[in-house]
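Following: one structure in structure tokens, then a few remarks.
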Amino acid sequence: MNRGLASTAATALAASALVALGGGGAQAAAEPNLIQNPGFEAGLNNWTCSGGSGSSAASPVHGGASSLKATPAGSDNAKCSQTVSVQPNSAYELSGWVQGGYVYLGASGTGTTDVSTWSQAASDWKQLSTKFTTGPNTTSVTVYTHGWYGQPAYHADDLTLKGPGGGTPGEEVPAAPAGLAASAPTSSSVTLSWNPTKGATGYHVYQDGKRVQAVSGTSATVTGLAPATSYKFQVTATNTAGESPKSAEITATTTAGGGDGGTVPKHAVTGYWQNFDNGATVQKISDVQSQYDIIAVAFADATTTPGAVDFNLDPALKYSEAQFKADIKAKQAAGKSVILSVGGEKGTVSVGSATAATNFANSVYAQMQEFGFDGVDIDLENGINPTYMTQALRALSAKAGPDLVITMAPQTIDMQSTSGGYFQTALNIKDILTVVNMQYYNSGSMLGCDGNVYSQGTVDFLTALACIQLQGGLKPSQVGLGLPASPRGAGGGYVSPTVVNNALDCLAKGTNCGRFKPSTTYPDIRGAMTWSTNWDALAGNAWSNAVGPHVHNLP
295 MNRGLASTAA TALAASALVA LGGGGAQAAA EPNLIQNPGF EAGLNNWTCS GGSGSSAASP
355 VHGGASSLKA TPAGSDNAKC SQTVSVQPNS AYELSGWVQG GYVYLGASGT GTTDVSTWSQ
415 AASDWKQLST KFTTGPNTTS VTVYTHGWYG QPAYHADDLT LKGPGGGTPG EEVPAAPAGL
475 AASAPTSSSV TLSWNPTKGA TGYHVYQDGK RVQAVSGTSA TVTGLAPATS YKFQVTATNT
535 AGESPKSAEI TATTTAGGGD GGTVPKHAVT GYWQNFDNGA TVQKISDVQS QYDIIAVAFA
595 DATTTPGAVD FNLDPALKYS EAQFKADIKA KQAAGKSVIL SVGGEKGTVS VGSATAATNF
655 ANSVYAQMQE FGFDGVDIDL ENGINPTYMT QALRALSAKA GPDLVITMAP QTIDMQSTSG
715 GYFQTALNIK DILTVVNMQY YNSGSMLGCD GNVYSQGTVD FLTALACIQL QGGLKPSQVG
775 LGLPASPRGA GGGYVSPTVV NNALDCLAKG TNCGRFKPST TYPDIRGAMT WSTNWDALAG
835 NAWSNAVGPH VHNLP
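Numbering of the sequence shown is given in the numbering used here, commencing with residue 295 and proceeding in unit increments.
Okay, here's the thing in structure tokens:
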């Protein structure tokens, strides 16, 4: 957000980046597989893709939760490869499932004859297989997939390489771990333990088919879970020879807890209230239109202490602190949440260390106690460190309790990939996160979840970019559409309230879509956000009068 115009995000240059959506497919067979991360359940871990061409995608998948998606561009054929330890003079069989554009599967560095096989464009999954024998001095080979120049993106999943494991001489792939058990569940975590496996040097933990941790011992605590929810877990054993089959599956259920963070309605409208005068209507909190369920006070002030923030009413508003506090209480009595927004164009708050994380949590909590805020909004435009911001927000949650409201307002470029700091943070705190209201403006063209480029200011731009977050791991109740309330509220990307409502209908009900239509509906989509209540008021509250009732009447 911007004290004059809303913040300027990355432009159409970002459209050349691929969408990464996290997750991965499961190993197809119950026998040892020499390929690490064969279903891309851990993103691109263990894989290298040329020119940044690859990502893990939540759809389509052959097995598990993700597949590889790679897009040829220019002179790059989107080659993704992994080097695997093998034994000399040994026979191997390589196979995998592919879909989409022209795609090749092969192995090089065999010491004999390198092999490959390929498929023309296919609309459904097709299995490719090939065999090779290593030479007398071969101890590793490179397995790979690639597409073809000028062809569309391809998907690959569940790759396997069967044969004698390499690595340490005489070392074999471990057996599947036994004795997997769950204990000490909380509202957001489960502790797992299992028996030691002979020959294992490490273990991988899988949650609902997706690899979520790699550990050296025989226990792990999986965090970031939703309250009162059942999850399926498995583990594998690893060493230099490869990864074992998965263990027997167990189910563990978290305890009840805050869930979506706070007492926000199922479908909610968020509006930013400006603590400054930039030509929009100057308001008191009591003036904010009743359609707004979450009022984000913009903005907190950075201090000289790393990570710490403060809040001061702008004298230009001629608003007493006592009246401000009383107005917050009145809004809360009417069922609204009032939160403190951190960041904006000039709010260069940096949380880049454990100390800064502690300072952030302590200072935000102090403002909550002083003014009565219900929570915090993260609108940092100078970068975000997911490790320490996660620490900060969890520390704040521990202080404030289960009714804490946490919202985010990332720019479009921040949510194009699950590898981005904002997206990582949102997923890290999924159990306490209320809603991510991405700013669908001042961004130029961007990639949608289907890999196509969409221009801002359209229904497709809203739905295809929201789809990235929905397929990338956020719950529908944690996704909102952020738009300017009037053309003066942003440098670009304003759409009429009708377009906002059509996008919400498309996501929630599958109606009023544009060219892009999601593969499923999301009736729990949280709602919409606007910058700002002040610009809305200057336009006669046209935005909230149109979007507010529509949001509140969603299924």
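Heads up, the beta-carbon is just placed ideally off N, CA and C, and yes, glycines get one too.
Owing to the predicted nature of the structure, the values given are computational and were not obtained by experimental measurement.
Buried/exposed call for residue i, threshold 16 Cβ in 10 Å
i      : result
Ser510 : exposed
Lys623 : exposed
Thr598 : exposed
Tyr443 : exposed
Ala470 : buried
Thr824 : buried
Ser631 : buried
Ser538 : buried
Asn828 : buried
Asn569 : buried
Ala475 : exposed
Leu832 : buried
Asp668 : buried
Asp587 : buried
Glu675 : buried
Ser423 : exposed
Asn606 : exposed
Host beta strand (DSSP E) of residue i (start-end)
i      : result
Glu387 : 385-394
Thr547 : 544-547
Gln568 : 562-568
Asn731 : 729-733
Asp673 : 669-674
Thr439 : 434-440
Leu798 : Unbroken run through Leu798 is the alpha helix (DSSP H), 791-803; no beta strand (DSSP E).
Ala351 : 348-351
Alpha-carbon spacing of residue i relative to residue j, whole angstroms
i      : j      : result
Ala320 : Ala359 : In this predicted model, Ala320 has a pLDDT of only 36, less than 50, meaning its place in the structure is not dependable; the value taken from the coordinates is given anyway. C-alpha separation (whole angstroms): 8 Å.
Ser417 : Thr454 : 22 Å
Asn722 : Ser483 : 12 Å
Lys420 : Arg809 : 28 Å
Gly785 : Gln583 : 24 Å
Ser369 : Tyr448 : 16 Å
Asp708 : Val645 : 17 Å
Ser384 : Thr427 : 5 Å
Leu399 : Asn371 : 13 Å
Pro696 : Gly345 : 44 Å
Val516 : Trp341 : 24 Å
Ser349 : Gln330 : 16 Å
Ala314 : Ala616 : Unreliable placement is indicated for Ala314, whose pLDDT of 30 sits below 50; the coordinate value is still reported in the next sentence. Distance between the alpha carbons of Ala314 and Ala616 is about 47 Å.
Lys625 : Ser477 : 42 Å
Val563 : Ala472 : 49 Å
Lys363 : Lys578 : 49 Å
First and last residue of the uninterrupted alpha helix (DSSP H) at residue i
i      : result
Asp451 : Here Asp451 belongs to no alpha helix (DSSP H); instead the beta strand (DSSP E) covers 448-456.
Tyr659 : 648-665
Tyr682 : 680-694
Asn839 : 836-846
Ile762 : 753-765
Gly715 : 715-722
Thr515 : Segment 513-516 is the beta strand (DSSP E) holding Thr515; no alpha helix (DSSP H) there.
Thr827 : 827-832
Ile622 : 615-627
Residue i Cβ short of 7 Å to the ligand ZN heavy atom set
i      : result
Ala610 : For the ligand ZN, the structure offers nothing, since it holds no ligand at all.
CB contact flag (residue i, residue j, <8 Å)
i      : j      : result
Val794 : Leu768 : no
Ser635 : Val591 : yes
Thr262 : Tyr734 : Not covered by the structure: residue 262. The range shown for the chain is 295 to 849.
Leu764 : Val753 : no
His356 : Asp452 : yes
Ala822 : Leu848 : no
Cys758 : Cys743 : According to the sequence displayed, residue 758 carries Ala and not Cys. Their beta carbons are under 8 Å apart, which means Ala758 touches Cys743 by this criterion.
Ala494 : Pro468 : yes
Ala660 : Tyr682 : no
Thr549 : Thr480 : yes
Leu756 : Leu741 : no
Lys619 : Gly666 : yes
Leu690 : Ala655 : yes
Thr439 : Ala450 : yes
Val747 : Ser739 : yes
Per DSSP, the bridge partner or partners of residue i
i      : result
His498 : Ala508, Thr530
Cys343 : Cys374
Met709 : In the DSSP output, where bridge partners are listed per residue, Met709 has none listed.
Val239 : One cannot answer for residue 239 here, as it falls past the ends of the chain, which runs 295 to 849.
Pro778 : Trp825
Gly536 : Asn533
Ser487 : Ala475, Ser513
Ile588 : Thr564, Ser631
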